[in-house]
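First comes the structure, then the notes that go with it.
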């Protein structure tokens, strides 16, 4: 049994797992990803730039 279950191994899922490890170092965390490795979809194909919403308003 796990304390936390994260679905998705993209940037948000991996970041969430890292934060949970920092806050709850003894927690058992499961991260589910349907692909063979992390960041196979949008995370792995983006331009590497974080866009702020302020530019689009």
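Numbering (the UniProt record's numbering), first residue to last: 1 to 57. The beta carbon of each residue, even a glycine, is placed where N, CA and C say it ideally should be. Because the structure is a prediction, the values reported are computed rather than measured.
Quick check on DSSP: helix, strand or coil for residue i?
i	result
residue 17	helix
Throw me the rounded Cβ distance for the residue i and residue j pair, which I believe falls under 8 Å.
i	j	result
residue 31	residue 10	Not a contact, Cβ separation roughly 10 Å.
residue 17	residue 29	6 Å
Comparing alpha-carbon positions, which option in the options lies nearest residue i?
i	options	result
residue 27	36, 19 and 34	19
residue 39	5, 15, 4 and 3	15
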